[in-house]
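Read through the structure below, which is laid out as structure tokens, and then see the notes.
Number of protein chains: 2
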Amino acid sequence: MTTTDEFQAAGAQTPRPAGRPRSARAEKAIIDATLDLVGESIGLSELSIEAIAARAGVGKTTIYRRWSNKEDLLVDALSTLKTPLPPLAGVSVRDDLIVYARVLLRDACDARNRCVMNIAMNEAERHPRLVERIHRATIEPRRAAIAALLRRGVATGELRADLDVPIAMANLVGTVMWYVRTEGGGEAAGSSDLAERIVDHLLAGLGA
Amino acid sequence: MTTTDEFQAAGAQTPRPAGRPRSARAEKAIIDATLDLVGESIGLSELSIEAIAARAGVGKTTIYRRWSNKEDLLVDALSTLKTPLPPLAGVSVRDDLIVYARVLLRDACDARNRCVMNIAMNEAERHPRLVERIHRATIEPRRAAIAALLRRGVATGELRADLDVPIAMANLVGTVMWYVRTEGGGEAAGSSDLAERIVDHLLAGLGA
DNA sequence: GTGTTTCGAAACTCAAGCGTATCGAATACG
DNA sequence: CGTATTCGATACGCTTGAGTTTCGAAACAC
Chain A
44 MTTTDEFQAA GAQTPRPAGR PRSARAEKAI IDATLDLVGE SIGLSELSIE
94 AIAARAGVGK TTIYRRWSNK EDLLVDALST LKTPLPPLAG VSVRDDLIVY
144 ARVLLRDACD ARNRCVMNIA MNEAERHPRL VERIHRATIE PRRAAIAALL
194 RRGVATGELR ADLDVPIAMA NLVGTVMWYV RTEGGGEAAG SSDLAERIVD
244 HLLAGLGA
Chain B
44 MTTTDEFQAA GAQTPRPAGR PRSARAEKAI IDATLDLVGE SIGLSELSIE
94 AIAARAGVGK TTIYRRWSNK EDLLVDALST LKTPLPPLAG VSVRDDLIVY
144 ARVLLRDACD ARNRCVMNIA MNEAERHPRL VERIHRATIE PRRAAIAALL
194 RRGVATGELR ADLDVPIAMA NLVGTVMWYV RTEGGGEAAG SSDLAERIVD
244 HLLAGLGA
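As given, the protein sequences belong to chains A and B, one line each in that order.
Under the working numbering, read the first sequence as residues 44 to 251, first letter to last.
Under the working numbering, read the second sequence as residues 44 to 251, first letter to last.
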């Protein structure tokens, strides 16, 4: 830390409170350390503020001055993860399914995003506000997007007319998630045509 | 507790040690309480011996006299869950796939079994011995059985000749798991033809 | 310079939970 | 009966971590 990284947006109507300004660098370090540790230790109860402070090279005071407790910090940290859904080319449903499958694959292979899913699925009754926020920010938009894509496929005749959309969604998402979990997570991302193979497999079906 | 439930197998070569015998009822109560709490609190670190003792109506002494630590208790408790794989009728691959899908559905809806999966997937580096044992006792046999069934289908021509077995396994297992997680867990088990619909969906594929 | 606020570090209080030890009562054997 | 062991209950020492407080130093405004 040779240079000073303190600053404030200093809007005209916020006349810059007196005293030393809060370090933006410290804030980013705290968020990063939190996400790192969330990615390593899966349970939220294993995640300690002291470990976050140590990892971030920051005093606990600096954390508690910004967030009043662990859950508030987690809400802010996890909300920085929501990668935007990629735009769809919109040419063929198959191509768009592959685009989404690639996103699912990438997220499923990333430790941070994987833990968001674990938290959303496992800690619903222990951290309802946190899980609710994750659902609204990340999960629900993706569900809606995939459902809309599947319905588009039914409408255009590219998919079966009697398609069961909930089952088809479980097909796509569940296959990707389970594949990554069982067949080594890291290597799966490398083979770039995996998403393509999974989608074609689903479209064609298992039957002869 | 009006009657006495103490006993010992008392084989001829084990001459029944002196003193009050250990209570088989207490042992069962401990295992049951452990599985109940595992089914409620998903993380192993949230699971406390003291809560197990309280739930089982048992002193901590009675637990520590039988298991030296929490992990040993968990290994024994979880190993009582392994429901045997059902025999296959062996007539058609579709029927056998439905049999397995039903087993997967039932297990995925049961809180206890669901937590075994969570532990196996999430706590690999924290409890390697426990996870290893779960894998050998429960997961690996099922993986092998499903893989064998799929290969049989390829051999008999009921399934595509170019079937990618790992992807097909992720299809079946992932679809069931994900469906239960997203579309209400409890109700899914009720509709008895869900397994059938999922399998037929997979066999036919999504394409028109 | 003075005043105000934040900084990292360290100490603190408080609660939870592990694993152990001790207690009187209960249950077996002989 | 005496002896041995387990029973549930309780207390203990110990560690971990949450959240607070205090401290001297640093970073700003004036």
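Just so it is clear, CB atoms sit at the ideal spot from N, CA and C, and this is done for glycine as well.
How many angstroms separate the CA atom of S66 (chain A) from the CA atom of V216 (chain B)? Position 23 of the first sequence, counted from the first residue, corresponds to residue 66 (chain A). Position 173 of the second sequence, counted from the first residue, corresponds to residue 216 (chain B). Linking S66 (chain A) to V216 (chain B) through their CA atoms gives a straight-line distance of about 48 Å.
Closest Cβ-Cβ distance between P171 (chain B) and chain A: below 8 Å? Residue mapping note: residue 171 (chain B) aligns to position 128 of the second sequence, counting from 1. It does not; no Cβ of chain A falls within 8 Å.
Minimum Cβ-Cβ distance from H244 (chain B) to chain A less than 8 Å: Working through the second sequence from its first residue, we reach residue 244 (chain B) at position 201. Interface residue, yes.
Mind checking who L202 (chain A) pairs with in its DSSP beta bridge? Stepping through the first sequence from its first residue, residue 202 (chain A) is reached at position 159. Answer is B:G250.
Restricting to Cα atoms, I'd like to know which of B:I241, B:D139, B:W221 is closest to C152 (chain B). Working through the second sequence from its first residue, we reach residue 152 (chain B) at position 109. Restricting attention to B:I241, B:D139, B:W221, the CA atom closest to the CA of C152 (chain B) is found in B:W221.
Contiguous alpha helix (DSSP H) assignments of at least 4 residues, all confined to the segment 104-176 of chain B: Entirely contained in the segment 104-176 of chain B, the alpha helix (DSSP H) runs reaching 4 residues are, in chain order, 113-122, 136-152, 154-165.
Let me make sure I understand the geometry here. Which of B:R98, B:L148, B:V101, B:L78 has the alpha-carbon closest to that of D236 (chain B)? Residue mapping note: residue 236 (chain B) aligns to position 193 of the second sequence, counting from 1. Answer by Cα proximity: B:L148.
Alpha-carbon to alpha-carbon, G62 (chain A) and A99 (chain A): The count along the first sequence starts at 1 and reaches residue 99 (chain A) at position 56. The count along the first sequence starts at 1 and reaches residue 62 (chain A) at position 19. Rounded to whole angstroms, A99 (chain A) to G62 (chain A) spans 23 Å at the Cα level.
Going by CA-CA distance only, name the one from B:A188, B:E166, B:A251 that's closest to P129 (chain B). Residue mapping note: residue 129 (chain B) aligns to position 86 of the second sequence, counting from 1. When B:A188, B:E166, B:A251 are compared, the shortest CA-CA separation from P129 (chain B) is found for B:A188.
Can you list the residues of chain B that V216 (chain A) reaches, using a CB-CB cut of under 7 Å? As a working note, residue 216 (chain A) is residue 173 in the first sequence. Ordered by position in chain B, the residues that pass the 7 Å Cβ test against V216 (chain A) are W221.
Just reading off the alpha helix (DSSP H) that P209 (chain A) is part of, what are its end residues? As a first step, residue 209 (chain A) is located in the first sequence; it is residue number 166 there, counting from the start. Secondary structure note for P209 (chain A): its alpha helix (DSSP H) is the uninterrupted segment 208-225.
So, are the CB atoms of S122 (chain A) and A180 (chain A) less than 8 Å apart? Numbered from its first residue, the first sequence carries residue 122 (chain A) at position 79. Numbered from its first residue, the first sequence carries residue 180 (chain A) at position 137. Going by C-beta atoms, S122 (chain A) is nearer than 8 Å to A180 (chain A).
What separation, rounded to the nearest whole angstrom, lies between the Cα atoms of V174 (chain B) and A132 (chain A)? Here residue 174 (chain B) is taken as the residue at index 131 of the second sequence, counted from 1. Here residue 132 (chain A) is taken as the residue at index 89 of the first sequence, counted from 1. Near 43 Å, if we compare the C-alpha coordinates of A132 (chain A) and V174 (chain B).
Give every residue of the same chain whose Cβ lies closer than 7 Å to the Cβ of R157 (chain A), excluding the five residues on either side of it in the sequence, and list them in chain order. For the purposes of this step, residue 157 (chain A) is taken as the residue at position 114 of the first sequence. A151.
Check the Cβ-Cβ distances between R145 (chain B) and every residue of chain A, and say whether any is below 8 Å. Residue numbering aside, residue 145 (chain B) sits at position 102 when the second sequence is read from its first letter. Chain A, which has no Cβ nearer than 8 Å to the Cβ of R145 (chain B), makes this no.
List, in order along the chain, the chain A residues whose C-beta lies closer than 8 Å to that of I210 (chain B)? Counting from 1 along the second sequence, the entry for residue 210 (chain B) is found at position 167. Against I210 (chain B), the close residues of chain A are T218, Y222, R240, I241, H244, in the order they occur along the chain (beta-carbon pairs closer than 8 Å).
Inter-residue spacing [alpha-carbon to alpha-carbon] between R194 (chain B) and V208 (chain B): As a working mapping, residue 194 (chain B) is identified with position 151 in the second sequence. As a working mapping, residue 208 (chain B) is identified with position 165 in the second sequence. Going from the Cα of R194 (chain B) to the Cα of V208 (chain B) covers about 7 Å.
Classify G102 (chain A) as buried or exposed, calling it buried when 16 or more other Cβ atoms lie within 10 Å of its own Cβ. Here residue 102 (chain A) refers to the residue found at position 59 when the first sequence is read from its first residue. Result: exposed.
Tell me which residues share the same chain as W110 (chain B) and place their Cβ nearer than 6 Å to its Cβ, disregarding the 5 neighbours each side in the sequence. Here residue 110 (chain B) is taken as the residue at index 67 of the second sequence, counted from 1. Residues of the same chain with a CB within less than 6 Å of the CB of W110 (chain B), apart from the 5 flanking positions on each side, are L116 in chain order.
I'd like to know if A251 (chain B) contacts chain A, where contact means its C-beta is closer than 8 Å to some C-beta of that chain. Mapped onto the second sequence, residue 251 (chain B) falls at position 208. With 8 Å as the cut-off, A251 (chain B) counts as an interface residue toward chain A.
6 Å CB neighbourhood of A211 (chain A) in its chain, flanking five on each side removed: As a working mapping, residue 211 (chain A) is identified with position 168 in the first sequence. Excluding positions up to five away in sequence, the list reads L193.
Counting only beta-carbon separations shorter than 8 Å, does E89 (chain B) have a partner in chain A? Walking along the second sequence from the start, residue 89 (chain B) turns up at place 46. Closer than 8 Å to some Cβ of chain A, the Cβ of E89 (chain B) qualifies, so yes.
Is the shortest distance between the beta-carbon of D115 (chain A) and the beta-carbons of chain B less than 8 Å? The residue given as residue 115 (chain A) occupies position 72 in the first sequence. Against chain B, the CB of D115 (chain A) has no partner CB under 8 Å away; the residue lies outside that interface.
Name the two residues that bound the continuous alpha helix (DSSP H) containing I95 (chain A). The residue you call residue 95 (chain A) lines up with position 52 of the first sequence. Unbroken alpha helix (DSSP H) run through I95 (chain A): 92-99.
Can you list, in chain order, the residues of its chain whose CB lies under 8 Å from that of E114 (chain B), leaving out five sequence neighbours each side? To locate residue 114 (chain B), count along the second sequence from 1; it is residue 71. Exclusion of the five residues before and after E114 (chain B) leaves H170, R172, L173 as the residues of its chain whose Cβ lies within less than 8 Å of its Cβ.
Have a look at T46 (chain B) and R68 (chain B) and give me their C-alpha separation to the nearest angstrom. Taking the first residue of the second sequence as 1, we reach residue 46 (chain B) at position 3. Taking the first residue of the second sequence as 1, we reach residue 68 (chain B) at position 25. With a pLDDT of only 42 at T46 (chain B), under the threshold of 50, the placement of this residue in the model should not be trusted; the figure read from the coordinates follows. Looking at the backbone, the Cα of T46 (chain B) and that of R68 (chain B) are separated by about 11 Å.
Can you give me the C-alpha to C-alpha distance between A251 (chain B) and E183 (chain A), rounded to a whole angstrom? Here residue 251 (chain B) refers to the residue found at position 208 of the second sequence. Here residue 183 (chain A) refers to the residue found at position 140 of the first sequence. If I take the Cα positions, the gap works out to 27 Å.
Do G133 (chain A) and the ligand SAH come close, with the Cβ less than 7 Å from some heavy atom? Absence of the ligand SAH is noted for the structure shown, with no ligands found whatsoever.
Note down the Cα distance separating V136 (chain B) from E201 (chain B), rounded to an integer number of angstroms. Position 93 of the second sequence holds residue 136 (chain B). Position 158 of the second sequence holds residue 201 (chain B). Roughly 7 Å between the two C-alpha positions.
Please state whether the Cβ-Cβ distance between T225 (chain B) and L245 (chain B) is less than 8 Å. Here residue 225 (chain B) refers to the residue found at position 182 when the second sequence is read from its first residue. Here residue 245 (chain B) refers to the residue found at position 202 when the second sequence is read from its first residue. T225 (chain B) places its beta carbon 8 Å or farther from that of L245 (chain B).
Enumerate in chain order the residues of its own chain whose CB-to-CB distance from I95 (chain B) is below 7 Å, with the five nearest sequence positions on each side excluded. Position 52 of the second sequence, counted from the start, is the residue given in the question as residue 95 (chain B). Around I95 (chain B), the same chain offers I73, A76, T77, L80, I106 as residues with beta carbons nearer than 7 Å, after the five sequence neighbours per side are excluded.
The segment 85-109 of chain B: positions lying closer than 9 Å to chain A by Cβ: From the segment 85-109 of chain B, only I85, G86, L87, S88, E89 have a Cβ closer than 9 Å to chain A.
Residue-level contact to chain B via CB, L202 (chain A), 8 Å cutoff: If you number the first sequence from 1, residue 202 (chain A) lands on position 159. Look at L202 (chain A): its C-beta is under 8 Å from a C-beta on chain B.
Does the Cβ-Cβ distance between N214 (chain A) and I85 (chain B) come in under 8 Å? Counted from its first residue, the first sequence places residue 214 (chain A) at position 171. Counted from its first residue, the second sequence places residue 85 (chain B) at position 42. Taking 8 Å as the Cβ cut-off, N214 (chain A) and I85 (chain B) do not qualify as a contacting pair.
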